[in-house]
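Single-structure report; data block below.
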Amino acid sequence: MRDGADKSGSKAEFKKRLYSWVLKTVRFASKLKKDAASDIISRQLLRSGTSILANYVEGLSASSRKDLINFFSYSLKSANESKVWIALLRDTGKGDPKEASWLLKELTEISKIFASSLLTLKGKRRPHDI
Numbered sequence: 292m293r294d295g296a297d298k299s300g301s302k303a304e305f306k307k308r309l310y311s312w313v314l315k316t317v318r319f320a321s322k323l324k325k326d327a328a329s330d331i332i333s334r335q336l337l338r339s340g341t342s343i344l345a346n347y348v349e350g351l352s353a354s355s356r357k358d359l360i361n362f363f364s365y366s367l368k369s370a371n372e373s374k375v376w377i378a379l380l381r382d383t384g385k386g387d388p389k390e391a392s393w394l395l396k397e398l399t400e401i402s403k404i405f406a407s408s409l410l411t412l413k414g415k416r417r418p419h420d421i
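Numbering-wise (the working numbering), the sequence shown opens with residue 292 and increments by one.
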């Protein structure tokens, strides 16, 4: 098992990874075609995408395990929602397919980390280094 310093480093790295994903998502959304559908979907993506990071950061300062689980659950739900918006933008030809595919792949990995963390927090599996 890792010591506290390593876990803190892992948290910092994951936070940087999330922040980087959000920045790339904002840039992706800002380059979309300017039409009604793109506008609506990009707003939804920006709302759900930025929520992933915001809830993660809130969770890091949660006052209880229950709060931490709730914030991580919100992050996971927002990640799942964001996948829908990115896929729609890709499949309708409104967003760059290469960028959308990268965003989806990275978001899938981020979602797996949240899902794994939630299982550990809920005691449904033994903790390991994440």
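Glycine residues also receive a C-beta, built at the ideal position from the N, C-alpha and C atoms.
Measure how close the beta-carbons of residue i and residue j come, nearest whole angstrom, since I'm counting them as under 8 Å.
{"i": "Phe363", "j": "Leu412", "result": "7 Å"}
{"i": "Thr316", "j": "Gly340", "result": "4 Å"}
Identify, in the order they occur along the chain, each residue of the same chain with its Cβ nearer than 6 Å to the Cβ of residue i, setting aside the five sequence neighbours on each side.
{"i": "Gln335", "result": "Trp376"}
DSSP on residue i, reduced to helix/strand/coil?
{"i": "Thr383", "result": "coil"}
{"i": "Lys322", "result": "coil"}
{"i": "Gly414", "result": "coil"}
Return no unless some Cβ of chain C is closer than 8 Å to the Cβ of residue i.
{"i": "Ala320", "result": "No chain C appears in this structure, which consists of one protein chain only."}
To the nearest angstrom, how far is it from the Cα of residue i to the Cα of residue j?
{"i": "Pro388", "j": "Ser352", "result": "36 Å"}
{"i": "Phe405", "j": "Phe319", "result": "23 Å"}
{"i": "Lys306", "j": "Ser408", "result": "14 Å"}
{"i": "Ala296", "j": "Lys302", "result": "The predicted position of Ala296 is uncertain, since its pLDDT is 45 and thus under 50; no value can be drawn from it."}
I want to check one thing, is the minimum distance from the CB of residue i to the heavy atoms of the ligand MN below 7 Å?
{"i": "Ala353", "result": "Because no ligand of any kind appears in the structure shown, any question about the ligand MN cannot be addressed here."}
If I measure Cβ to Cβ from residue i and keep anything under 7 Å in the same chain, skipping five residues before and after, which residues do I get?
{"i": "Leu323", "result": "Ser329, Ser333, Leu380, Lys385 and Gly386"}
{"i": "Leu344", "result": "Leu309, Tyr310 and Val313"}
{"i": "Asn346", "result": "Phe362, Tyr365, Ser366 and Ser369"}
Just to confirm my understanding: we take residue i, look at its own chain, exclude 5 residues before and 5 after, and list those with CB closer than 8 Å. What are they?
{"i": "Leu367", "result": "Ser402, Phe405, Ala406 and Leu409"}
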